[in-house]
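Residue numbers for the sequence shown follow the working numbering, beginning at 2 and rising by one. Okay, so here's the structure we're looking at.
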Amino acid sequence: MDDKRLEKDIEDFLITSMLDELSPPAVSEAEGSTITDIDGREYLDCFSGISVTNLGHSNEKVNERAIEQIKKYVHVCTYKYQVPVAVKLAKKLAGITPEGLQKTFFGNSGAEAIETAVKLSRKSTGKHELIALMCSFHGRTLGTLSLTGQAARRRYDMGPYLSSVSFSPAPYCYRCPFDKEYPECDMSCARFLEHVIDYSSSGEVAAFIAEPILGEGGIIVPPDEYFTIVKDILEDREIKFIADEVQTGFARTGEFFGIENYDVEPQLMTMAKGIANGYPISACTTTKAVGDSFEPGDHLSTFGGNPVSAAASLGTIEEILENDIAERSAEKGDILQKRLREMKEDQEIIGDVRGKGLMIGIELVKNDDKEPAVEEATKVKKKMKEKDVLIGQGGVSGSVLRIQPPLIITEEQIDSLLNGLQDCFENV
Ligand code: PLP
């Protein structure tokens with residue numbers, strides 16, 4: 002099938018609001034950090050299917066595990082059957098998630114894991130209100146959009162959304178909502194949470210949800226002490242903390258889970274994306290007490306805990322642990338960030354470089370007033386594609402380049418990425 006015919010068929014038969022004028026590659030094969038299109042052109046993938054294929058495309062062990070399971074059975078549903086491989090995965094997650102987390106509910110997507118966390122926190126506390134962060138992103142279902150702190154960009158036309166959600170300021174140092182400088186700011190953004198609880202809620206807050214690093218919002222990295230201050234406030238008010246690890250989990254940030262960078266333990270954790278290196282499965286893992294609050298009939302997902310995806314996830318976790326993938330992500334991320342910071346010295350368009358591990362954002366600005374360089378970011382992304390390198394774009398106004406390659410990316414491939422970026426910045 003040729004490109005033009007495929008594009009016409011996409012227009013005629015797919016509902017998609019996301020394919021843009023950059024005409025993304027029509028993928029024929031993908032392996033490691035390389036994507037090959039139907040014409041045989043090879044691209045260096047620095048976005049990993051939105052931070053999913055952390056072990057690279059078509060990882061052998063993960064695929065072997067999935068195939069072994071396919072040969073046994075593909076689906077029965079956890080509704081009426083015991084599925085040993087899903088139980089094994091739940092036990093594994095209890096072993097690798099922070100202290101106290103033990104019981105898991107499986108779904109298929111990140112949004113589904115978050116819907117589960119919301120229901121569990123409401124059911125276990127008897128309270129209904131929720132607090133999320135400005136600039137956050139938690140998914141595209143009506144419930145998760147309600148928690149997404151980017152109203153203008155994400156939440157319009159299809160409401161009404163949940164009304165019991167309040168938003169606390171994002172720990173966005175480059176664009177501090179209090180116009181302060183870190184560390185003299187005394188962490189106003191974290192401390193403001195108390196005002197949100199006192200004045201924006203009626204005191205019936207079940208949970209506070211946050212991404213350890215805000216991904217879609219522009220790879221916003223909270224300062225080291227942010228979550229410790231937040232957690233103290235939450236404990237004082239008996240509010241559950243949901244860590245949304247959908248994008249930060251599975252070694253992406255240089256630790257197995259993003260929240261481990263902050264030494265804080267959540268009561269609920271949501272996972273998807275990198276959990277099975279591309280096979281669809283998500284998890285909401287929580288304490289025994291919270292998990293046990295569900296009563297018969299409270300929640301179910303037909304495909305949740307699918308045996309093939311569960312087997313792939315077990316293979317993924319094994320690969321990450323056996324090959325020190327988190328450490329490798331931290332090391333390569335440090336190299337990449339250091340070189341991007343050096344690049345920033347000569348490139349006025351780069352306003353900020355930030356991230357942890359291989360979750361890196363480059364925020365582009367038009368001038369000293371930090372006017373977001375949205376068109377320029379789009380141009381860089383397009384030019385990078387012409388150079389056979391695929392990167393992401395995000396941020397609350399779309400001016401952040403997102404670098405989230407497979408964690409097995411080589412130094413040589415990192416060089417290609419950096420050379421491409423250098424050239425693009427000089428020409429945009
Ligand atoms: N939470 C975070 C932090 C995400 O980045 C995303 C997706 O990008 C989601 C939730 C939603 O995940 P999904 O698209 O699998 O529903």
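No residue lacks a Cβ here, since even glycine has one placed at the ideal position from N, Cα and C.
- The closest CA to that of S400, considering only T411, C425, K388 and K367, is found on K367.
- As summarised for the segment 125-203, the continuous alpha helix (DSSP H) elements at least 4 residues long and confined to that stretch are 143-147, 152-155 and 189-192, given in chain order.
- When C-alpha distances from A95 are compared across M344, T271 and S417, the shortest belongs to T271.
- Leaving aside the five residues that flank K181 on each side, the residues in its chain whose CB is nearer than 7 Å to its CB run, in chain order, S189.
- Looking from the CA of R340, the closest CA among V84, Q103, N420 and R253 belongs to N420.
- For E217, the distance from the CB to the nearest heavy atom of the ligand PLP is below 7 Å.
- I230 is not a Cβ neighbour of E246, given a cutoff of 8 Å.
- Every residue whose Cβ sits closer than 5 Å to any heavy atom of the ligand PLP is listed here in chain order: S110, G111, A112, H139, G140, E212, G216, D245, V247, Q248 and A273.
- Of all alpha-carbon atoms in N324, E387, L134 and S310, the one lying nearest the alpha-carbon of F168 is that of L134.
- Spatial neighbours of V429 in its own chain (CB-CB distance under 8 Å, excluding positions within 5 residues in sequence) are listed in chain order as I350, E377, K380, V381 and K384.
- The shortest CA-to-CA distance from I318 to any of R42, T126 and K92 is the one to K92.
- In terms of Cβ geometry, N278 and P213 do not form a close pair [threshold 8 Å].
- By the Cβ rule, the segment 155-173 counts as touching the segment 126-142, because three or more pairs are nearer than 8 Å.
- Taking C-beta atoms as the reference points, L418 and Y44 fail to come closer than 8 Å.
- A Cβ-Cβ distance of about 20 Å is found for the pair K128 and K289, leaving them out of contact under the 8 Å criterion.
- As the crow flies, the alpha-carbon of C425 is around 30 Å from that of E12.
- In terms of CA proximity to E226, D187 leads the group A244, K241 and D187.
- Q423 is the residue among A374, Q423 and I409 whose C-alpha sits nearest the C-alpha of K388.
- In this structure, DSSP gives D370 a state outside helix and strand, which the three-state scheme calls coil.
- Around the beta-carbon of A211, 16 or more other beta-carbon atoms lie within 10 Å, marking it buried.
- F106 sits in a strand when the DSSP states are folded into three classes.
- V309 sits buried, since 16 or more C-beta atoms from the chains shown fall within 10 Å of its C-beta.
- If one requires a minimum length of 3 residues, the beta strand (DSSP E) runs lying completely within the segment 228-280 are 241-245 and 269-272, in chain order.
- The continuous beta strand (DSSP E) containing Q394 extends over residues G393 to G395.
- Note on geometry: alpha-carbon atoms of P184 and G393 lie some 30 Å from one another.
- At least 8 Å separates the beta-carbon of V354 from that of G219.
- Contact check for F107 against G306 passes: the beta carbons are separated by less than 8 Å.
- In the DSSP assignment, F14 falls within the alpha helix (DSSP H) that extends over D4 to F14.
- Ranked by how close their Cα comes to the Cα of V222, the residues E205, G150, C174 and G33 have C174 in first place.
- As the crow flies, the alpha-carbon of E364 is around 44 Å from that of H76.
- DSSP places D46 inside the beta strand (DSSP E), whose first and last residues are E43 to D46.
- Secondary structure of E387 (DSSP, three-state): helix.
- Setting aside the 5 residues that flank it on each side, E320 is surrounded in the same chain by L56 and K62, each with a C-beta closer than 6 Å to its C-beta; the list follows chain order.
- If you look at T286, you'll find it in the beta strand (DSSP E) that goes S283 to T287.
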